[in-house]
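What follows is a short report on a single structure.
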Amino acid sequence: MPRTDWAVAGKLASDGAPSQTAALKQTTSAERPAKAVDCAYWIEGDGPPVFFVHGIGARRQGWSRLIELIKADFRCVSYDLRGHGESPIPAGKFGLDELVADLEALRQRLGIEKAHIVGHSLGGMIGPAYARAYPDRVLSLGLLSTAAFRTEDDSAKVRGVVTAMEKNGIAQTLDTLASRWFTDRFMTEHADRVEARKRQVVETDPDVFLNVFRIYAETEMAPWLHEVKVPSLVLTGELDGGCNPRLNKQIAAALPKAELVILDGLKHAILIEASERVAPHVHRFLKAHS
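Note that my numbering numbers the sequence shown so that position 102 is 170, with each residue one more than the last.
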């Protein structure tokens, strides 16, 4: 894509409007993945491209603080997953393959040849799955607060959360989710930010939210992670119950070119609670592999 197109997209991104209105279409409908939807995206910064992929019931804005700290050196593309934020709600159920297809369609639309992919939670599953399907399109991966190698007990616990939401309603499970995501101190000192995260969940279409939570609960990367050959940063919080250091040590061991970072004193919501601690690791890793 010509430099001027990136400049226009970046300006719109800074104004808060979806930058796809400024980006030229790079592919025809015949070339794009058949299962894909056109996700809303934003572009900030300049340099090697990085896709930032958020997690369940979140929004691209969850990356804003981290992007602010690294955008001087990278072209940062954040986007809303299908059914989230400004992206369209798809018809019917979808799986991990469709989320991968959406990312590939976005890459094609932007005319990006190769990029880094950094994902949080469910996004940390989309990235490796994309790299497995499109290995020549990926420079490196960031797997932040994600899970693999779950034991039967681990799997039963996350499936139990899904069952509780199906039975009692998503809103009635929010306090349980928040306690898994945030440390007690953060919940006390930053109640407004915790409530904002809860509102994101409530404002997500309930069928979409349950769909993506099921994908997160049912995806097991262990059988194929060894196939992902690109350099990978594996990072999680010390106190993250569902994406704990035990699982992430196994993830790092399975990936041929992995680096493991454990951030002490944090649970799952590392981007909301401590982007300033996450950003230096992401920045250093991306610089090393650009």
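Beta carbons are placed, not taken as given, at the ideal position from N, Cα and C, and that holds for glycine.
Just the Cα atoms here: how many angstroms apart are residue i and residue j?
| i | j | result |
| --- | --- | --- |
| ASP308 | LEU245 | 12 Å |
| GLY310 | ASP141 | 32 Å |
| LYS103 | ASP165 | 8 Å |
| VAL350 | GLY210 | 7 Å |
| HIS122 | TYR147 | 8 Å |
| LYS79 | ARG128 | Residue placement at LYS79 is poorly supported in this model, since its pLDDT is 29, which falls under 50; the coordinates are not used for a value here. |
| LYS182 | ILE111 | 16 Å |
| SER223 | MET289 | 13 Å |
| ARG352 | ARG253 | 29 Å |
| VAL145 | SER358 | 16 Å |
| PHE162 | ASP260 | 32 Å |
| LEU354 | PHE119 | 12 Å |
| ASP243 | GLU99 | 44 Å |
| GLN188 | THR304 | Strictly speaking, residue 188 in this sequence is His, with Gln absent from that position. The straight-line gap from Cα to Cα measures roughly 9 Å. |
| ALA90 | ARG218 | Low local confidence applies: a pLDDT of 31 at ALA90 is under 50, so the model's placement there is unreliable, and no value is given. |
| ALA169 | THR251 | 34 Å |
| GLY151 | VAL280 | 10 Å |
| ALA173 | PRO101 | 6 Å |
| LEU331 | TRP249 | 14 Å |
| LEU328 | VAL302 | 5 Å |
| THR204 | SER300 | One detail in the question is off: residue 204 reads as Asp in this sequence, not Thr. If I take the Cα positions, the gap works out to 15 Å. |
Taking the beta strand (DSSP E) that residue i belongs to, which residues open and close that run?
| i | result |
| --- | --- |
| GLU295 | From DSSP, GLU295 is part of no beta strand (DSSP E); its letter is neither H nor E. |
| TRP110 | 109-112 |
| ARG143 | 143-147 |
| LEU328 | 326-331 |
Could you check if residue i is buried or exposed, using at least 16 other CB atoms within 10 Å of its CB as the buried criterion?
| i | result |
| --- | --- |
| GLN240 | exposed |
| ALA216 | buried |
| ALA159 | exposed |
| VAL269 | buried |
| ALA356 | exposed |
| ILE138 | buried |
| HIS184 | buried |
| ILE157 | exposed |
| LYS335 | buried |
| ASN360 | Past the boundaries of the shown model lies residue 360; the chain is included only from 69 to 358, so the question cannot be answered. |
| GLY125 | buried |
| THR272 | buried |
Cβ of residue i less than 8 Å from any chain D Cβ?
| i | result |
| --- | --- |
| LEU293 | In the displayed structure, chain D is absent; only one protein chain is listed. |
What first and last residue would you give for the alpha helix (DSSP H) that runs through residue i?
| i | result |
| --- | --- |
| ARG127 | It is not in any alpha helix (DSSP H) - ARG127 carries neither H nor E in the DSSP assignment. |
| GLU344 | 338-356 |
| SER247 | 242-249 |
| ASP273 | No alpha helix (DSSP H) contains ASP273, which DSSP labels as neither H nor E. |
| ARG133 | 132-138 |
| ASP308 | Note, ASP308: premise wrong, no alpha helix (DSSP H); not H, not E. |
| THR256 | 252-257 |
| MET233 | 220-236 |
What residue from the options has the CA that sits closest to residue i's CA?
| i | options | result |
| --- | --- | --- |
| TYR35 | ARG205, LEU178, VAL230, SER208 | For the chain, the structure presents residues 69 to 358; residue 35 sits outside this window and is missing. |
| ARG282 | ARG227, PHE254, ARG267, MET289 | ARG227 |
| LEU134 | HIS357, PHE353, ALA342 | ALA342 |
| LYS266 | SER358, TYR284, SER247, MET193 | SER247 |
| VAL229 | ALA199, HIS188, PHE277 | PHE277 |
| PRO291 | ALA197, THR231, GLN176, GLY125 | ALA197 |
| SER213 | ARG205, TYR202, LYS225, MET193 | MET193 |
| GLY237 | PRO274, LYS225, SER208, GLY153 | PRO274 |
| GLU344 | VAL298, GLN318, GLY130, CYS107 | GLY130 |
| SER370 | ILE340, ALA326, ILE338 | There is simply no residue 370 to check, as the chain begins at 69 and stops at 358 in what is shown. |
Inset, instruction - Give, in chain order, every unbroken run of the alpha helix (DSSP H) that is at least 4 residues long and sits entirely within the segment 174-217. - result: 191-201
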